[in-house]
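The sequence shown begins at 95 in my numbering and counts up by one.
Glycine included, every Cβ here is placed at the ideal spot set by N, Cα and C.
Scroll down for the structure; my scribbles are underneath it.
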Amino acid sequence: MLARLSLLSLLLTTGLPATYGQTSNVTCLPYYDWTSNSQKQTPCQVASSLLSLCNGGKPFDVVPLSAGQHYQGPTTVSGSNPCMCNTVTYSLMAACGLCQGRSVLRWSEWSTNCPIVSLRQFSQPLPSGLRVPAWAYLDVKEKDAFDQFLAKGNANSTESTSALAPTTTSQTGPATSTALSDTTTSDSEASASATAESSEGEGAETPKPDLKKANRVGGAVVGSILGVALIFGVGTIALKRRRRARYPHPSEDQPQAVTKPGSGGAQPA
């Protein structure tokens, strides 16, 4: 229930207060220690600080996910706001889900109800003292997803402590919705930040070469070569025999000359 209500209060206002607060009791798995900033704050806590800027000055609670749940962005266009419609918050929330061993939505799904998005920038001034990991500013649009391996490779890069000039993009229509891991979200839970999802998915199999077909082709080629050689050999033997029959060797088939008596030649005994 808390997961369903965590974004609901944020969707009720788009004010930009000067104060902020963060609250999150999410515990990340040890493997994802790299997602924490230099102040040992988890990506869930950093995201909570950013989202609180559009939460009427109240701390924004990022609650832990249960099995089969994921975080999602604004569920209506009217409920969207700059704190949610940017790739920095998306990346932080994606890391927050991953560090719990949960699945993550694609960027197009997160931002489907955002009429304007900020790419690789957070459009509001950052809360004083907050350090946002550099990997949160990496591109997610090209792959339409948060790349945790690329992010880990940038874990030691310089953190951001101030908002930079944002790159904004207007979206004229809903983005194509494609799940990062096979997920489904019912309409009745559209206002929730964490929604039930199916956890089963089948990866595409890598096609394997048809060894039987290759063997058949190879056998046919070898058989053809042997057949031609056999025919050539038989033809050669037959031709030689025909030549011998037509032009027999004098020493074998032709009659020998015989000297007649009285010719002065040698007489047979």
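Taking the Cα positions, G151 is about 19 Å away from N119. By the Cβ criterion, the stretch 126–137 is not in contact with the stretch 163–175, since fewer than three pairs of Cβ atoms, one from each stretch, lie closer than 8 Å. The stretch 122–132 makes no contact with the stretch 209–219, as fewer than three CB pairs between them are under 8 Å. Going by beta carbons, R196 and L145 fall outside the 8 Å limit. Residue environment for N250: exposed (fewer than 16 other C-beta atoms within 10 angstroms of its C-beta). Under the DSSP assignment, Y126 falls outside any beta strand (DSSP E); it carries neither an H nor an E label. An exposed status is given to F243, since fewer than 16 other beta-carbon atoms sit within 10 Å of its beta-carbon. S222 counts as exposed, since fewer than 16 other beta carbons sit within 10 angstroms of its beta carbon. If you draw a 10 Å sphere on the C-beta of G191, you find 16 or more other C-beta atoms in it, and that means buried. Excluding sequence positions up to five before and after D241, its CB lies within less than 8 Å of the CB of L232 and V234, all in the same chain and listed in chain order.
Under the three-state reduction of DSSP, F216 is assigned to coil, being neither helix nor strand.
Only buried fits S185, as 16 or more other CB atoms lie within 10 angstroms of its CB.
Boundaries cannot be given for Y231, as no beta strand (DSSP E) includes it and DSSP labels it neither H nor E. Annotation for Q135: no alpha helix (DSSP H) segment contains it, and DSSP assigns it neither H nor E.
The secondary-structure analysis by DSSP pairs T117 across a beta bridge with D155.
If you draw a 10 Å sphere on the C-beta of L220, you find 16 or more other C-beta atoms in it, and that means buried. With contacts defined as CB atoms closer than 8 Å, Q218 and C177 qualify as a contacting pair. Assignment of S254 by DSSP, reduced to helix, strand and coil, places it in the strand class. For S205, there is no enclosing alpha helix (DSSP H), as DSSP marks it with neither H nor E. Straight-line spacing of the CA atoms in S142 and G247 works out to 24 Å. With a cutoff of 8 Å on beta-carbon distance, W204 and Q166 are scored as near each other. In this structure, T117 places its C-beta atom within 8 Å of the C-beta atom of D155. By the CB criterion at 8 Å, T252 and A228 fall inside the cutoff.
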